[in-house]
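Below is one structure; the comments refer to it alone.
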Amino acid sequence: MQATVPQIETERLILRPYRRDDFTPYAALFADATVTRFIGGVPFSREQAWTRFLRQVGMWHYFGFGFFALQDKESGAFIGEAGFHDLHRVIVPSLEGTMETGWALSPRAAGRGLATEAVAAALRWAEQQFPNMKRTCIIDLENLASLRVAAKLQFHEVKRTTYHGANVLICER
Numbered sequence: 061m062q063a064t065v066p067q068i069e070t071e072r073l074i075l076r077p078y079r080r081d082d083f084t085p086y087a088a089l090f091a092d093a094t095v096t097r098f099i100g101g102v103p104f105s106r107e108q109a110w111t112r113f114l115r116q117v118g119m120w121h122y123f124g125f126g127f128f129a130l131q132d133k134e135s136g137a138f139i140g141e142a143g144f145h146d147l148h149r150v151i152v153p154s155l156e157g158t159m160e161t162g163w164a165l166s167p168r169a170a171g172r173g174l175a176t177e178a179v180a181a182a183l184r185w186a187e188q189q190f191p192n193m194k195r196t197c198i199i200d201l202e203n204l205a206s207l208r209v210a211a212k213l214q215f216h217e218v219k220r221t222t223y224h225g226a227n228v229l230i231c232e233r
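Numbering (this note's numbering), first residue to last: 61 to 233.
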């Protein structure tokens, strides 16, 4: 499957395809311990960030969906990512075959409702393009900010389990 990555605009954001020049701020985002606290728990090396960056770009090719780069409309800055993936996680219940929803924003962008705004826009797109696919997410139970975002977006708890040693909540929408 070859997919064209759409561009979506919200009041304050542009959700768009990644560009190569996004990599430097992307690597900085995932080198931040605040950002990675609930994404593996350890800041990413530049090499690890590059692998993740390429994975996010490549997801579109194989599934027709993926993550969007988030650009602040006012400043033009890259501030994070939001979208969907299918990571074939080894977890029960399995998330394979679902549009696993995720987001990560720069701490500079936190607390302003931008994650909710971005994910809501991505979900509207997904509902039009993939109406019959289940939307899921996995959130560390200590990640209160992401739990609030998921609740606002009408994700509901399916199961509590562990993943890579962390207590997590699996949700569906």
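Quick reminder that beta carbons are idealized off the backbone N, C-alpha and C, glycines included.
- LEU147 and GLY118 have their alpha carbons spaced roughly 12 angstroms apart.
- The C-alpha of ALA88 is placed about 20 angstroms away from the C-alpha of LEU73.
- Comparing alpha carbon positions, the residue from GLY100, GLN131, ILE230 closest to ILE68 is GLN131.
- Taking one beta carbon from each stretch, the segment 101 to 109 and the segment 122 to 141 have fewer than 3 pairs nearer than 8 angstroms; the two do not touch.
- With contacts defined by Cβ atoms closer than 9 angstroms, PHE98 and SER206 form a contacting pair.
- At a cut-off of 4 residues, not a single continuous stretch assigned as alpha helix (DSSP H) sits fully inside the segment 143 to 175.
- Listed in chain order, the beta strand (DSSP E) runs fully inside the segment 182 to 227 are 195 to 200, 216 to 223, counting runs of at least 3 residues.
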